[in-house]
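Chemist:
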Amino acid sequence: MNAAVALAAAVILSTAVPAAADSSSCTHSFSGPQVCVRLEGTDVWATPVAIWVNPPKWVRSRQVTLYVNGERYRVARNPATATRVGKTISYTWSRSQWDPESKICVRFEDIDRVACERIKSINRAQF
Numbered sequence: 486m487n488a489a490v491a492l493a494a495a496v497i498l499s500t501a502v503p504a505a506a507d508s509s510s511c512t513h514s515f516s517g518p519q520v521c522v523r524l525e526g527t528d529v530w531a532t533p534v535a536i537w538v539n540p541p542k543w544v545r546s547r548q549v550t551l552y553v554n555g556e557r558y559r560v561a562r563n564p565a566t567a568t569r570v571g572k573t574i575s576y577t578w579s580r581s582q583w584d585p586e587s588k589i590c591v592r593f594e595d596i597d598r599v600a601c602e603r604i605k606s607i608n609r610a611q612f
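Here you go:
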C-alpha cells in the first residue's frame, strides 16, 4: 500500500467515529450541597460517576443511588457507598450500554438535590 492510500484510510477512519464526548451536569445552587453526575465514555456506552463537590470535611462517605429514566437502576451496587477522594465524595459505577436519550440521575442520601444528564448519541462523521 502506498503512502497516499494509507494517509487517506487514516483520515477516513479518524473522521468516521460516532462518539459523544464525556458530559456532566451539576445542581446549580451556591449554598448547600452541590451534586454532579458525569458520564464518561462514547456514544451510548458510558460510565456514570456521582460526585458531591462540597461535602463537609468530616464526611468520609455517603450512600448514593443511580436512577435511569426516573427508576432506580437495578445493579448489584445500587445504592452504593461513595467515598472521599480529595475534597469530593464520589462513586463510579461500571461501564454500561444505555438506550439513546436515557436520563441518568444520581442522588446522595440525606441530600434533596438530584443531578441528571442525558445520554447523547452524536455522530461526528463528516460526509
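Numbering (my numbering), first residue to last: 486 to 612. Yeah, the Cβ is synthetic: ideal placement off N, Cα and C, and Gly gets one too. Computed from a prediction, not measured in an experiment: that's the story for all the values here.
The ligand NAD and VAL534: does the residue's C-beta get closer than 7 Å to at least one heavy atom of that ligand?
Modeler: The ligand NAD is absent from the structure shown, which contains no ligand whatsoever.
Chemist: Look up ALA535 in the DSSP assignment and say whether it is helix, strand or coil.
Modeler: Taking the first residue of the sequence shown as 1, we reach residue 535 at position 50. Three-state DSSP puts ALA535 in a strand.
Chemist: For SER510, which three-state DSSP category applies?
Modeler: As a working mapping, residue 510 is identified with position 25 in the sequence shown. Three-state DSSP puts SER510 in a strand.
Chemist: Indicate the three-state DSSP secondary structure (helix, strand or coil) for ALA561 in the structure shown.
Modeler: Translated into positions along the sequence shown, residue 561 becomes position 76. The answer is coil: DSSP assigns ALA561 none of H, G, I, E or B.
Chemist: Given that a residue counts as buried once 16 or more other Cβ atoms are within 10 Å of its Cβ, and exposed if not, what is GLU602?
Modeler: Here residue 602 is taken as the residue at index 117 of the sequence shown, counted from 1. That one is buried.
Chemist: DSSP on ILE574, reduced to helix/strand/coil?
Modeler: Within the sequence shown, numbered from 1, the residue matching residue 574 stands at position 89. Reduced to three states, the DSSP call for ILE574 is strand.
Chemist: Beta-carbon within less than 8 Å of ARG559's beta-carbon, same chain only, minus the 5 sequence neighbours each way: which residues are those?
Modeler: Here residue 559 is taken as the residue at index 74 of the sequence shown, counted from 1. Within the same chain, ARG559 has no close Cβ partners at all.
Chemist: Are the CB atoms of ARG547 and TRP537 nearer to each other than 8 Å?
Modeler: Indexing the sequence shown from 1 puts residue 547 at position 62. Indexing the sequence shown from 1 puts residue 537 at position 52. In this structure, TRP537 lies closer than 8 Å to ARG547 by Cβ.
Chemist: Which residues in the same chain have their Cβ closer than 7 Å to the Cβ of VAL544, if we skip the five residues on either side of it in sequence?
Modeler: Walking along the sequence shown from the start, residue 544 turns up at place 59. Correct list, in chain order: ILE574.
Chemist: For TRP598, tell me which candidate among GLY526, VAL520, SER516 and SER508 has the shortest Cα-Cα distance.
Modeler: Your numbering for residue 598 matches position 113 in the sequence shown. Looking at the sequence shown, residue 598 is not Trp but Arg. Closest by alpha carbon: VAL520.
Chemist: In the DSSP assignment, find the unbroken beta strand (DSSP E) run with GLN548 in it and report its ends.
Modeler: In the sequence shown, counting from the first residue as 1, residue 548 sits at position 63. 546-553 is the extent of the beta strand (DSSP E) around GLN548.
Chemist: Report the CB separation of TRP578 from THR550 in whole angstroms; it is logged as a contact under 8 Å.
Modeler: Locating residue 578 in the sequence shown gives position 93, counting from the first residue. Locating residue 550 in the sequence shown gives position 65, counting from the first residue. With a Cβ gap of about 11 Å, TRP578 and THR550 do not count as contacting.
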